[in-house]
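**Q**
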Amino acid sequence: MTFAKSIAYAFALPSKAFMRIRMTYFRLRLGYLGPRAQIYDRVRIAWSRHVRIGANTSIGPGVYLWASSQGHISIGERCAIAADTRIVTPTHDPAALPITAVGINQSVEIGDDVWIGTGAIILPGVRIGSRSIVAAGAVVTKDVPEDVLVAGVPARIVKTLLPAEIRRENGRQALNAKGVRS
Numbered sequence: 018m019t020f021a022k023s024i025a026y027a028f029a030l031p032s033k034a035f036m037r038i039r040m041t042y043f044r045l046r047l048g049y050l051g052p053r054a055q056i057y058d059r060v061r062i063a064w065s066r067h068v069r070i071g072a073n074t075s076i077g078p079g080v081y082l083w084a085s086s087q088g089h090i091s092i093g094e095r096c097a098i099a100a101d102t103r104i105v106t107p108t109h110d111p112a113a114l115p116i117t118a119v120g121i122n123q124s125v126e127i128g129d130d131v132w133i134g135t136g137a138i139i140l141p142g143v144r145i146g147s148r149s150i151v152a153a154g155a156v157v158t159k160d161v162p163e164d165v166l167v168a169g170v171p172a173r174i175v176k177t178l179l180p181a182e183i184r185r186e187n188g189r190q191a192l193n194a195k196g197v198r199s
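Pasting the structure below:
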C-alpha cells in the first residue's frame, strides 16, 4: 500500500481521533471553518481557500464542494449537508463556442440553519435563504427564499415553513406535553 493510499484510508476512518485529524487538516486548508463544524469522509473540496463553513455545520460523506478562483462557497451556521451533495461555482455560457474557452464563476451562498438532502445539486450563483430545506435529489438552479422547502428538478417551492419563532414555540409545547421541561 502506498503512503498516499494509507493517508486516504486514515481520512475515511470514523473514529474520534481520525475525525480530529481530518478537522485539523480542513482548518488549515479552508478559508474558514467554524467551531464544532464536522466534515465526514470522502468529502472533496476544490479551491478550498474559497470555501467558508460556519459553526456547528455538518458536511456528510461524499460531498463535493467545487469553488473556483472567482466563485466562492459560503455555508452558514448550524447547516446539515447530507451525503453525496454537489455544490458548484464554475459553469459556462452554453451559447459560446468553444465551450472550454468560456468560464463563468458565480458564488454560492447558503444561509444559517439550512438542511440539504442527500444527492442534491446546488448550481452556480444560487443563494439559499436561512432555515430552508432542499429535498434529496433536488437540483437548485435559482435563489431559494428563507423558510421554504424546495424539491424537484429543477427545484421549486413545495411548502412554506412556519417562521422560526412559531416552530420554536411549537417545539416547547410538544416537549411540555410529554412532561419534559423546556
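Take the sequence shown: its position 174, counted from the start at 1, is 191 in our numbering, and no numbers get skipped.
We put the CB at the ideal spot given by N, CA and C, even for glycine.
Going by beta-carbon coordinates alone, are D129 and G48 separated by less than 8 Å?
**A** What you label residue 129 is simply residue 112 of the sequence shown in a count that begins at 1. What you label residue 48 is simply residue 31 of the sequence shown in a count that begins at 1. No, the pair does not count as a contact, with Cβ atoms beyond the cut-off.
**Q** To the nearest angstrom, how far is it from the Cα of P141 to the Cα of D164?
**A** Taking the sequence shown and counting its residues from 1, one reaches residue 141 at position 124. Taking the sequence shown and counting its residues from 1, one reaches residue 164 at position 147. Using only the alpha carbons, I get a separation of about 21 Å.
**Q** Secondary structure at L50, three-state DSSP: helix, strand or coil?
**A** Mapped onto the sequence shown, residue 50 falls at position 33. Correct three-state label for L50: strand.
**Q** Pick helix, strand or coil for R39, following the three-state DSSP scheme.
**A** Taking the first residue of the sequence shown as 1, we reach residue 39 at position 22. In this structure, R39 counts as helix in the three-state DSSP scheme.
**Q** Under a three-way DSSP split, which group does L82 fall into?
**A** Taking the first residue of the sequence shown as position 1, residue 82 is located at position 65. Looking at L82 - three-state DSSP - the assignment turns out to be strand.
**Q** Under the rule that 16 or more other beta-carbon atoms within 10 Å means buried, what is I138, buried or exposed?
**A** Position 121 of the sequence shown, counted from the first residue, corresponds to residue 138. So I138 counts as buried.
**Q** Bridge partners for L178 per DSSP, in chain order?
**A** Your numbering for residue 178 matches position 161 in the sequence shown. Partner(s): none; L178 has no beta bridge.
**Q** How big is the Cα-Cα spacing for S149 and T19?
**A** The residue you call residue 149 lines up with position 132 of the sequence shown. The residue you call residue 19 lines up with position 2 of the sequence shown. Distance between the alpha carbons of S149 and T19 is about 43 Å.
**Q** Would you verify that the beta carbon of R95 is, or is not, closer than 8 Å to some beta carbon of chain D?
**A** Of the protein chains in this structure there is only one, and it is not chain D.
**Q** Leaving aside the five residues before and after P52 along the sequence, list all residues of the same chain whose C-beta is less than 6 Å from its C-beta, in chain order.
**A** Locating residue 52 in the sequence shown gives position 35, where the first residue counts as 1. Closer than 6 Å at the Cβ level, and outside the excluded window around P52, lie A72.
**Q** Give every residue of the same chain whose Cβ lies closer than 6 Å to the Cβ of L82, excluding the five residues on either side of it in the sequence, and list them in chain order.
**A** Position 65 of the sequence shown, counting from 1, holds the residue named residue 82. These residues qualify, in order along the chain: I62, V68, I90 and I104.
**Q** Do N122 and T218 have their beta-carbon atoms positioned less than 8 Å apart in this structure?
**A** This structure cannot speak to residue 218, because the chain is shown only from 18 to 199.
**Q** State buried or exposed for V175, treating a residue as buried only when at least 16 other CB atoms are found within 10 Å of its CB.
**A** Along the sequence shown, read from residue 1 onward, the residue named residue 175 stands at position 158. Exposed, since its Cβ has fewer than 16 Cβ neighbours within 10 Å.
**Q** By how many angstroms is the C-alpha of A34 removed from the C-alpha of I145?
**A** In the sequence shown, counting from the first residue as 1, residue 145 sits at position 128. In the sequence shown, counting from the first residue as 1, residue 34 sits at position 17. Taking the straight line joining both Cα atoms gives about 33 Å.
**Q** Would DSSP call L45 helix, strand or coil?
**A** As a position in the sequence shown, residue 45 is number 28, starting the count at 1. In the structure shown, L45 sits in a helix (DSSP, three-state: H, G or I).
**Q** Would you give the residue range spanned by the beta strand (DSSP E) that R148 belongs to?
**A** Here residue 148 refers to the residue found at position 131 of the sequence shown. Taken as a continuous stretch (DSSP letters only), R148 belongs to no beta strand (DSSP E), as it is neither H nor E.
**Q** Classify S95 as helix, strand or coil using the three-state DSSP reduction.
**A** On the sequence shown, residue 95 is found 78 positions in, with the first residue counted as 1. Checking the sequence shown, residue 95 turns out to be Arg, not Ser. R95 falls in the coil class under three-state DSSP.
**Q** My output table needs one value for A168: the three-state DSSP class, helix, strand or coil.
**A** Working through the sequence shown from its first residue, we reach residue 168 at position 151. Looking at A168 - three-state DSSP - the assignment turns out to be strand.
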